[in-house]
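Asks: Its first residue numbered 38, the sequence shown is counted upward by one per residue in the numbering used here.
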Amino acid sequence: MFEALNQFEAGILEGIHNIFGCGFLDRTLSFITKFADHGIGWIIVALVLLCFKKTRKTGLMVGLALIFGLIVGNMTLKPLVARIRPYDLAGMEAIREALLVPPLSDFSFPSGHTLASFEAASVLMIRNKKLGIPALVLAIIIAFSRLYLFVHYPSDVLTGLILGTLFGVIAVLIVNKLWALTEAKIKERKAE
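Spelled out as structure tokens, the structure:
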């Protein structure tokens with residue numbers, strides 16, 4: 038189903054690597070991309086935010102956004118679309134042998150690293166720009182790393198970016214609504 042698109046996008050990946058490929062980026066992007074492996078870096082961010090009363094609401098928002106991404110991206114879209122990784126395409130054997138990260142066992146669409154990164158970054162941008170701007174920069178670097186490392190197609194990354202931003206915004210709206218309802222109930226009880 039994706040064969041022509043896969044080949045076209047693999048050509049874009051080769052162009053990216055031809056333009057930017059160097060030892061410094063090989064090492065740097067291989068390291069930075071690990072922050073979002075299984076969403077773990079962003080999960081830690083959410084947990085740290087939950088530990089402090091001042092940032093607890095933001096931590097809930099990041100956590101909820103990550104849950105949306107897990108359910109929609111990893112548990113639903115990846116197996117439903119079942120898109121192979123760029124390095125698994127016919128003719129990409131040399132790329133697979135030279136991978137800078139271990140081959141992955143799941144499907145390619147959408148990019149889970151990008152999805153989780155933009156979920157967290159979008160929440161942080163909405164809630165606190167001092168945290169949001171570095172998070173957004175990191176999310177962009179992680180998204181680029183997925184292309185540079187030949188583990189995702191551009192449309193995987195673009196979809197992860199769009200869905201991640203959407204889930205971040207939705208999480209902010211839901212938590213704000215539930216937070217307001219909870220505070221109203223607490224005030225009601227205190228007034229009784």
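Glycine is no exception: its CB is placed at the ideal position from the N, C-alpha and C atoms.
I'd like the ranges of any alpha helix (DSSP H) spanning at least 4 consecutive residues and lying wholly in the stretch 77–129.
Replies: 77–87, 93–106, 115–118
Asks: Is N213 helix, strand or coil when you go by DSSP?
Replies: Note: N213 maps to helix in three-state DSSP.
Asks: Output the distance between the C-alpha atoms of L215 and F204, rounded to the nearest integer angstrom.
Replies: 16 Å
Asks: Buried or exposed for N43, going by 16 or more other Cβ atoms inside 10 Å?
Replies: buried
Asks: Quick test of the definition: if touching needs 3 or more C-beta pairs under 8 Å, does the stretch 172–191 touch the stretch 147–159?
Replies: yes
Asks: For the putative contact between A102 and A208, defined by C-beta atoms under 8 Å, what is the C-beta separation to the nearest angstrom?
Replies: 4 Å
Asks: So the alpha helix (DSSP H) H54 belongs to, where does it begin and stop?
Replies: 40–57
Asks: If you draw a straight line from the alpha carbon of F146 to that of K167, how long is it in whole angstroms?
Replies: Going by the C-alpha atoms only, they are around 31 Å apart.
Asks: List the endpoints of the continuous alpha helix (DSSP H) containing V174.
Replies: It spans 166–185 - the alpha helix (DSSP H) in which V174 sits, taken as one unbroken run.
Asks: Please report the residue range of the alpha helix (DSSP H) in which F72 lies.
Replies: Where F72 is concerned, there is no enclosing alpha helix (DSSP H), given that its DSSP letter is neither H nor E.
Asks: Return the CA-CA distance between L50 and E225, expressed in angstroms with no decimal places.
Replies: 58 Å
Asks: Using a 10 Å radius around the Cβ and a threshold of 16 neighbouring Cβ atoms, would you call M162 buried or exposed?
Replies: buried
Asks: Mind the definition here: the stretch 80–99 touches the stretch 44–63 only if three or more C-beta pairs lie below 8 Å; say whether that holds.
Replies: No: fewer than three Cβ pairs fall under 8 Å.
Asks: Would DSSP call S142 helix, strand or coil?
Replies: coil
Asks: Short check: CB of G110 to CB of L195, under 8 Å?
Replies: no
Asks: Let me make sure I understand the geometry here. Which of G60, L136, P123, L97 has the alpha-carbon closest to that of E40?
Replies: P123
Asks: Name the residue from T92, F68, L66, R120 whose alpha carbon lies nearest to the alpha carbon of A47.
Replies: R120
Asks: Would you check if the distance between the CB atom of V118 and the CB atom of T70 is smaller than 8 Å?
Replies: no
Asks: May I have the straight-line CA-CA distance separating L66 from D193, to the nearest angstrom?
Replies: 18 Å
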